[in-house]
Structures are given as structure tokens and as C-alpha cells.
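There are 2 protein chains.
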Amino acid sequence: MDDLSKRQKQILQAIIEDYISSAMPVGSRTISKSFALSSATIRNEMSDLEDLGYLEQPHTSAGRIPSEKAYRFYVDNLMKLSTLTAPELNYIRSYYDKRICQTGEVLSDAARVISDLTEYVSVVTPPKVSSVLVTSIQLMPINPSTAMVVLVTDTGMMQSTPIVLPRNVSPDELESMSRLLNKMFAGRSVTEIHPQAQYAVESEIADQKQIFDTICSVLASRLENQKGKVLIQGASKMLAHQEFTDVNKARSFLQLLEENSRISEIVSAESDEISVRIGQETGLGDVSIVTATYSAGGKDLGKIGVIGPTRMQYDKVLSVLDQVGKTLSEIFAENVKTEDDTVEEE
Amino acid sequence: MDDLSKRQKQILQAIIEDYISSAMPVGSRTISKSFALSSATIRNEMSDLEDLGYLEQPHTSAGRIPSEKAYRFYVDNLMKLSTLTAPELNYIRSYYDKRICQTGEVLSDAARVISDLTEYVSVVTPPKVSSVLVTSIQLMPINPSTAMVVLVTDTGMMQSTPIVLPRNVSPDELESMSRLLNKMFAGRSVTEIHPQAQYAVESEIADQKQIFDTICSVLASRLENQKGKVLIQGASKMLAHQEFTDVNKARSFLQLLEENSRISEIVSAESDEISVRIGQETGLGDVSIVTATYSAGGKDLGKIGVIGPTRMQYDKVLSVLDQVGKTLSEIFAENVKTEDDTVEEE
DNA sequence: GTTAGCACTCAACGAGTGCGAGTGCTAACA
DNA sequence: TGTTAGCACTCGCACTCGTTGAGTGCTAAC
Numbered sequence: 005m006d007d008l009s010k011r012q013k014q015i016l017q018a019i020i021e022d023y024i025s026s027a028m029p030v031g032s033r034t035i036s037k038s039f040a041l042s043s044a045t046i047r048n049e050m051s052d053l054e055d056l057g058y059l060e061q062p063h064t065s066a067g068r069i070p071s072e073k074a075y076r077f078y079v080d081n082l083m084k085l086s087t088l089t090a091p092e093l094n095y096i097r098s099y100y101d102k103r104i105c106q107t108g109e110v111l112s113d114a115a116r117v118i119s120d121l122t123e124y125v126s127v128v129t130p131p132k133v134s135s136v137l138v139t140s141i142q143l144m145p146i147n148p149s150t151a152m153v154v155l156v157t158d159t160g161m162m163q164s165t166p167i168v169l170p171r172n173v174s175p176d177e178l179e180s181m182s183r184l185l186n187k188m189f190a191g192r193s194v195t196e197i198h199p200q201a202q203y204a205v206e207s208e209i210a211d212q213k214q215i216f217d218t219i220c221s222v223l224a225s226r227l228e229n230q231k232g233k234v235l236i237q238g239a240s241k242m243l244a245h246q247e248f249t250d251v252n253k254a255r256s257f258l259q260l261l262e263e264n265s266r267i268s269e270i271v272s273a274e275s276d277e278i279s280v281r282i283g284q285e286t287g288l289g290d291v292s293i294v295t296a297t298y299s300a301g302g303k304d305l306g307k308i309g310v311i312g313p314t315r316m317q318y319d320k321v322l323s324v325l326d327q328v329g330k331t332l333s334e335i336f337a338e339n340v341k342t343e344d345d346t347v348e349e350e
Numbered sequence: 005m006d007d008l009s010k011r012q013k014q015i016l017q018a019i020i021e022d023y024i025s026s027a028m029p030v031g032s033r034t035i036s037k038s039f040a041l042s043s044a045t046i047r048n049e050m051s052d053l054e055d056l057g058y059l060e061q062p063h064t065s066a067g068r069i070p071s072e073k074a075y076r077f078y079v080d081n082l083m084k085l086s087t088l089t090a091p092e093l094n095y096i097r098s099y100y101d102k103r104i105c106q107t108g109e110v111l112s113d114a115a116r117v118i119s120d121l122t123e124y125v126s127v128v129t130p131p132k133v134s135s136v137l138v139t140s141i142q143l144m145p146i147n148p149s150t151a152m153v154v155l156v157t158d159t160g161m162m163q164s165t166p167i168v169l170p171r172n173v174s175p176d177e178l179e180s181m182s183r184l185l186n187k188m189f190a191g192r193s194v195t196e197i198h199p200q201a202q203y204a205v206e207s208e209i210a211d212q213k214q215i216f217d218t219i220c221s222v223l224a225s226r227l228e229n230q231k232g233k234v235l236i237q238g239a240s241k242m243l244a245h246q247e248f249t250d251v252n253k254a255r256s257f258l259q260l261l262e263e264n265s266r267i268s269e270i271v272s273a274e275s276d277e278i279s280v281r282i283g284q285e286t287g288l289g290d291v292s293i294v295t296a297t298y299s300a301g302g303k304d305l306g307k308i309g310v311i312g313p314t315r316m317q318y319d320k321v322l323s324v325l326d327q328v329g330k331t332l333s334e335i336f337a338e339n340v341k342t343e344d345d346t347v348e349e350e
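So this is what it looks like as C-alpha cells:
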């Protein structure tokens with residue numbers, strides 16, 4: 005079914021690339037100029053490609069536009085990865101060089117960079133909880149009945165949460181509980197912190213059990229909450245593309261973007277290092293989603309991605325995501341190794 | 005200039021309210037139905053109102069639409085505050101009852117509530133730094149050369165930042181520095197933390213001065229960063245309104261919303277408890293901005309607001325903001341008094 | 001297999017038209 | 001003096017209809 009002749013492939017590629025840049029149905033004459041063939045010949049080929057499901061005609065006397073199948077074929081077989089220009093690379097590096105320390109800021113910078121370079125909507129998920137290890141847990145007295153729990157992880161990610169304790173607790177007692185918590189969780193996955201955990205606390209000080217439970221359940225729910233978080237940038241860019249001239253389409257797309265947890269789920273769903281989902285494959289209708297992974301110490305941390313029209317500059321997007329992903333990975337790798345964070349004035 | 009007759013006021017009010025709900029230029033016949041007057045009489049009055057600058061005509065044979073001056077007059081003199089319905093009040097209370105502990109979540113909930121109830125874009129600024137007092141500053145060792153600084157404030161707001169120390173520092177030393185930091189800053193405004201501070205540290209341990217400087221400058225830059233932050237919800241809602249059917253208008257508006265720091269500035273600019281800025285007054289062109297203040301312990305903390313078309317349901321928006329503002333104030337007041345944060349499962 | 005030629009299709013554009021909501025003005029009325 | 005009825009006028013909007021042009025499919029010839 006998929007044994008296209010070499011010429012068919014070339015023609016298909018030419019059509020797709022023309023359509024991606026022009027957003028107009030492409031006709032046989034346009035293509036014939038790049039080939040030493042007449043428009044009639046191209047027409048015949050196009051007709052065949054249409055029969056095979058690679059092309060579609062909006063109406064009889066318009067040119068052809070690529071189908072989702074065509075994009076799929078293009079991404080898998082035809083496309084060459086574009087290399088980023090020097091200014092683009094510099095742009096990416098420039099924010100890397102800042103060495104901002106907070107996970108949140110690194111990621112929101114990444115989101116901005118991606119959307120700036122690609123002109124599409126960017127999506128960045130924070131490091132996923134399941135792959136993160138506890139470095140330490142600290143309890144800090146705030147007042148007799150309230151403490152702050154600070155959870156530090158090996159990725160430099162932090163959670164700090166105030167917790168109301170079931171009874172007044174002295175700083176010393178907190179201190180000893182801190183130690184206990186660290187003994188229990190340091191070096192382990194944060195997912196091991198869950199509310200119903202029947203830790204071997206009883207043996208130590210039975211009275212503290214309830215406090216432990218409170219702390220764990222609060223931490224767990226905080227981490228749970230964290231899951232649906234996602235950074236989105238460049239929504240306005242979307243409206244610049246042809247396919248969103250219809251206000252209603254634009255609106256429903258924006259609405260979708262506001263459902264952060266759904267986006268997060270969809271983006272995180274893919275486990276491949278780098279993935280392209282086109283049209284129906286996304287479960288979102290007429291958009292494409294390209295995602296890449298950033299990682300540290302061999303563990304995948306989170307996803308960066310782009311949402312755009314199916315008529316997307318896949319080559320460009322892929323290389324931007326690849327580059328930004330690598331950069332992020334470097335940053336996090338450094339964190340993991342040395343916690344070597346510095347802050348520069350802006 | 006502004007001595008409108010009672011009847012003129014009534015007519016103006018009727019026109020404004022009709023236009024707010026219909027978005028269509030309103031004609032004399034429509035209005036005459038609500039008054040025991042003929043359309044011709046209304047026309048005469050309308051003509052006068054137009055001369056006075058309260059009404060505008062898109063073109064000769066269309067009805068009239070209110071000018072910005074008219075909205076101003078409406079808000080200042082004609083409008084009655086609408087009372088929220090029971091379900092609306094419950095909706096606001098329901099999220100209050102959750103008693104979520106983190107400042108960030110309380111605020112983003114507020115933003116969501118406002119935009120849900122008003123159908124406009126909501127804006128919430130976090131408690132402004134200048135009015136916040138340091139409760140405590142804690143240094144936590146992470147590894148020999150890195151520490152985590154946790155800043156707790158009286159509003160329950162927290163900042164935690166990793167800091168790379170200029171040299172290795174033992175936990176004990178950190179501990180003593182913690183104490184010193186608290187001695188210096190506890191109970192004072194966070195704005196007193198600034199990088200060039202020549203604190204009376206020399207006397208204590210000259211060697212630690214550099215570390216202090218590092219910590220202060222990092223904290224200061226974090227807080228500085230915080231300034232431009234702002235939570236925005238419901239951008240997609242905007243596209244539902246008539247005035248944004250033009251994609252380009254919609255896009256430039258969305259672009260504006262993405263410039264968080266600018267929005268933050270504009271929203272924070274107003275010092276009044278509650279304020280309505282209409283059209284040109286906003287400096288943003290054809291939109292209106294309504295803001296209210298939330299506060300605790302007599303101090304204004306931050307702003308909540310709504311951005312919408314000048315044709316906005318001012319009465320509804322004002323009462324929603326008023327209510328949400330009060331609710332937020334209660335939540336923060338509680339924080340200030342007792343740090344009484346509880347976390348419930350969702 | 002390729003190409004020239006030709007009839008055909010159909011969206012897009014623009015001019016022309018009728019409609020209707022709404023106005024301003026005038027003259028008459030209370 | 002304020003109100004009203006009547007009427008001519010304006011002008012956006014929706015609709016129709018012919019024209020245009022890009023593009024197709026098909027056929028016959030090379």
C-alpha cells in the first residue's frame with residue numbers, strides 16, 4: 005500500500021512543504037515548475053496520491069492539500085531535520101547561561117523560548133514526581149502549632165508547605181521528627197510518601213504517629229496536585245495561523261489550553277524520547293502535538309512540547325525541541341550532580 | 005455641563021443597560037417601550053444626549069451606543085450594585101471553605117472564581133512585597149556549598165531558593181547565620197532586604213559578610229522577580245464577546261495578556277479600595293478594568309480585577325470583586341493572626 | 001510514459017438591488 | 001412649551017448574479 009515510487013515521494017514532499025509554508029491548496033502547475041515535468045503529468049501523479057489517501061481536495065477546482073496520512077509519512081520518511089541558525093542557537097544558550105536556579109523559572113523560560121522560536125504554543129511539564137528522589141525533608145517551626153515542611157529533591161525541585169499540627173510541638177521535637185523523616189525517605193522516590201503509609205513509626209514514639217500521618221498526607225496531596233501542572237506559552241501565536249481565523253475555533257482551542265490537567269495528561273502520555281502526533285492521533289481534533297523529553301541522570305523528568313496546526317513546520321519544531329530538551333537536561337543534570345545553582349542579576 | 009434632567013438620566017440608563025446586554029446599537033423605539041413616551045420624543049432626548057457626548061452613532065441610520073463618558077456617568081451615578089444570587093455566593097464560599105494553605109493556590113482559585121462568575125478575564129496580583137513582614141528566615145543545608153533559604157512572611161507567603169555559597173559552610177555555621185538573619189529581619193518589611201545592605205555584620209564575624217551579601221542579594225532578586233507576577237484566567241472567555249470577533253483584535257489582546265509585567269503594573273497602579281477604569285482611562289484602548297483590593301490587618305496586600313470590553317456588566321463585576329476581595333481578606337487575616345492553615349483532602 | 005489541448009468546475013469577487021431599522025425634520029396638537 | 005405623528009432620507013446588511021481565474025479530468029497525439 006505504501007510503496008510509492010521515488011517520484012511520487014518527491015512530489016508528495018514538494019506538495020507538503022509548499023502547503024506548510026503557504027497554507028494554500030497547491031496546484032499541479034506550481035509543482036511542475038520544480039520538476040522537469042508538465043503539469044499534466046503531475047496531475048496524474050497527484051490523482052494517484054489522492055487515491056492512496058495522501059492528498060485531499062477541498063473542492064473540485066482547488067489544488068490539493070496533504071492528509072494526516074501524508075504528514076505522518078512526511079515526518080517518518082521524507083522530512084530532513086532542519087539545523088537551527090546561529091542566532092537561534094544563541095537564543096537558546098543565552099537563557100541557559102543565566103543559570104537561574106529555580107526549577108519553575110528554568111521551565112517557564114524554556115516555554116517562552118520554544119514558543120518564540122517556533123511561533124506555536126509551547127507546553128512544558130514540570131519534572132514528574134515519580135522519577136524524583138527525596139534529598140531531604142525538613143520541618144521548620146513557625147509557631148507552636150504550625151510547621152513548614154520543605155521537601156528537597158535531587159532535581160532541585162522543592163515543595164514547601166505549611167502544616168497545622170494536631171497538637172503543639174516543640175522545635176526540638178520537630179527537629180527529631182525531621183531526622184526521622186529523613187531516615188525514612190531520604191534517597192527514596194517521592195512517590196513513597198503517601199498518606200496511608202504505615203511506617204515503622206510506632207516503635208519510636210507512638211504519640212507522634214498522628215503527626216507523621218498529617219505530614220505525609222499533606223505532602224502527598226501537594227505532590228498529587230503538582231501532577232496536573234503545566235506551563236503554556238504563546239497562546240496568542242496560535243491566532244496568527246490561518247487555521248484559526250474562525251473565532252469559534254480559536255475560542256474552543258483556547259478553552260482547551262485552559263484545561264491544564266487535560267493538556268498535561270495528553271502531553272505526558274507519550275513515553276518516547278521524542279514523538280509527533282498528528283491530527284486524530286492527538287485526540288484533540290485538528291492539531292498536532294510534538295513532544296520531547298528532558299532528563300537527568302538517565303531518568304526522564306518531564307516533557308516539553310508544541311501544539312500547533314497539523315500544517316506545522318515539523319522539521320523546525322523537532323529541532324527546536326531537541327535542542328531545548330538537551331539544554332534542559334544539561335541544566336538538570338548539573339543540579340543532580342552538584343546542586344550547583346548560581347543566581348546572577350538580570 | 006452635566007446637569008441632565010431626571011428623564012435624561014433614566015433614558016441614558018436604559019440605553020446603557022440595553023446595550024450592555026445586547027451589544028447592538030439601541031434605537032429610539034426600543035427605549036420608548038419602557039417609557040410612556042413616543043419614539044420621537046426619545047429621539048429628541050437622544051439627540052441632546054449625543055450633543056452632550058454621552059451617546060455615539062456608528063452611522064446615520066443605526067441606533068446609538070454609549071460613549072466612555074456615558075459609562076463613567078453610569079458607574080458613578082446611575083448604576084445600582086447588583087446582589088449576587090445564592091448559588092453565586094455559595095460558589096465563592098465553597099472555595100473559601102476548602103482553606104487551602106498555599107498563597108498561590110488561594111489566589112489562583114480566586115482568579116478562576118472571578119472569571120467563572122463574570123465571564124471576563126480575571127487578574128489577581130499576589131500580595132505585594134512592600135506590605136509584607138518577615139516572620140522568619142531559615143537556612144537549610146543541602147550540601148556543603150549549597151543552602152536553601154526559606155523566607156516566611158506574616159501573610160503565609162513563602163519563598164524558598166537554593167543558594168550557592170561562596171565557600172563550604174557547616175550546618176552549625178548556617179544555623180548561627182540563620183539566627184543572625186532572623187535577628188536582623190524578623191518583624192521587619194521584606195523590602196529591607198536588599199543586596200547592598202551594609203548590615204552590622206562586620207562586628208560579628210567578618211568572614212561571613214560575603215555569604216550574607218550573597219543571601220541577601222539572591223533573596224532580594226527573588227522578591228524583585230515576584231513583582232511582575234500576576235495570575236490571569238479566562239482569556240478564552242474574552243473571545244465570546246462581540247467586540248472580539250475580529251481575530252486581529254483578539255490576538256493583540258491576548259498578546260497583551262501575555263505581557264504579565266505590564267498587566268501587573270496597570271492593575272496595581274490604582275490605590276483606591278475599588279476602582280473602575282473605562283476605555284482610554286486604562287491606557288490599553290478599548291477595554292475596561294475593574295479592580296478591588298484584598299487586605300489583612302489593615303494593610304492592602306494585592307489586587308483582584310477584571311478586564312473586559314468597555315461594554316461590561318459593571319454592576320455584576322463590582323459585586324463579584326467586592327465579595328471575592330472580602331473573602332480573600334478574611335483568609336489572609338486568619339493567616340496573619342494565627343497562621344492557622346489547614347489542608348483538607350480534595 | 002509524457003504532454004498539449006480543451007471543456008468543465010467552483011470559490012472568490014464585485015456590482016447591483018431591495019429591505020428595514022433607524023434617523024432628522026416639520027407641522028400639528030395639548 | 002413639550003409631545004407626537006408623519007414622512008423623506010440614510011445606510012448597513014443580505015442577497016443575487018454574472019465574471020474571473022485557478023485548477024481539474026479527460027482525451028488524443030507524440
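The listed protein sequences correspond, in order, to chains P and D. Per our numbering: the first sequence = residues 5 to 350. Per our numbering: the second sequence = residues 5 to 350. Backbone N, C-alpha and C define an ideal beta-carbon position, used for all residues, glycine too.
- Put simply, of G312(P), Y99(P), S164(P) the residue whose alpha carbon is nearest the alpha carbon of P91(P) is Y99(P).
- For A300(P), the pairing in a beta bridge is given by DSSP as K303(P).
- For T249(D), the nearest CB of chain P lies under 8 Å from its own CB, placing it at the interface with that chain.
- Rounded to whole angstroms, the gap between the alpha carbons of V133(D) and I308(D) is 16 Å.
- In the three-state reduction of the DSSP assignment, M144(D) falls in the strand class, which pools E and B.
- According to the DSSP secondary-structure assignment, S292(D) is paired through a beta bridge with I282(D), G312(D).
- The beta carbon of A114(P) sits no closer than 8 Å to any beta carbon of chain D.
- A direct Cα-to-Cα measurement between A18(D) and R76(D) gives close to 15 Å.
- According to DSSP, L82(D) shares a beta bridge with no other residue.
- Of all residues in the segment 233-249 of chain D, the ones placed with a Cβ closer than 8 Å to any Cβ belonging to chain P are Q237, G238, A239, S240, L243, A244, F248, T249, in chain order.
- Below the 9 Å Cβ cutoff, chain P contributes no neighbours of R315(D), its closest Cβ being approximately 17 Å away.
- Going by beta carbons, A44(P) and R315(P) fall outside the 8 Å limit.
- Restricting attention to D120(D), E72(D), M83(D), the CA atom closest to the CA of L93(D) is found in D120(D).
- DSSP, read as helix, strand or coil, puts E92(D) in helix.
- Under a criterion of Cβ atoms nearer than 7 Å, the residues of chain P adjacent to V156(D) are, in order, I146, M152.
- Spanning the alpha carbons of L137(P) and T89(P) requires a straight line of approximately 37 Å.
- It is roughly 50 Å from the alpha-carbon of S42(P) to the alpha-carbon of G306(P).
- Assigned with DSSP and collapsed to three states, A151(P) falls in strand.
- Nearest CB-CB separation between S164(P) and chain D: below the 8 Å threshold.
- Here K241(P) has S119, E123, Y124, V125 as same chain residues with Cβ atoms under 8 Å from its own Cβ, once five neighbours each way along the sequence are excluded.
- A Cβ of chain D is located within less than 8 Å of the beta carbon of Q142(P).
- S140(D) is positioned such that its CB atom lies no closer than 8 Å to that of V153(D).
- Non-local beta-carbon contacts of E247(P) in its own chain, meaning distances under 6 Å to residues more than five positions away in sequence, involve P313 in chain order.
- With fewer than 16 other Cβ atoms from the protein chains shown falling within 10 Å of its own Cβ, Q214(P) counts as exposed.
- In the displayed model, Q230(D) falls within a helix according to three-state DSSP.
- For R171(P), there are no C-beta contacts with chain D under 9 Å, since the nearest C-beta of that chain is about 14 Å from it.
- Rounded to the nearest angstrom, the gap between the Cα atoms of S180(D) and L288(P) is 56 Å.
- By the beta-carbon neighbour count (other beta carbons within 10 angstroms, threshold 16), L85(P) is exposed.
- Comparing alpha carbon positions, the residue from G31(D), K37(D), T87(D) closest to H63(D) is G31(D).
- Taking a C-beta distance under 8 Å as the contact criterion, L243(P) and R255(D) qualify as a contact pair.
- Contact annotation, Q163(P) with R266(P): C-beta distance approximately 23 Å; criterion of less than 8 Å not satisfied.
- Of the residues Q327(P), Q259(P), S323(P), the one whose Cα lies closest to the Cα of S299(P) is Q327(P).
- Non-local beta-carbon contacts of L169(P) in its own chain, meaning distances under 8 Å to residues more than five positions away in sequence, involve S149, T150, A151, I215, T218 in chain order.
- Of T249(D), K330(D), K10(D), I167(D), the smallest CA-CA separation from I278(D) is found for K330(D).
- Taking a beta-carbon distance threshold of 8 Å, R76(D) does not count as an interface residue toward chain P.
- By the 16-neighbour rule on beta-carbons within 10 angstroms, E49(P) is buried.
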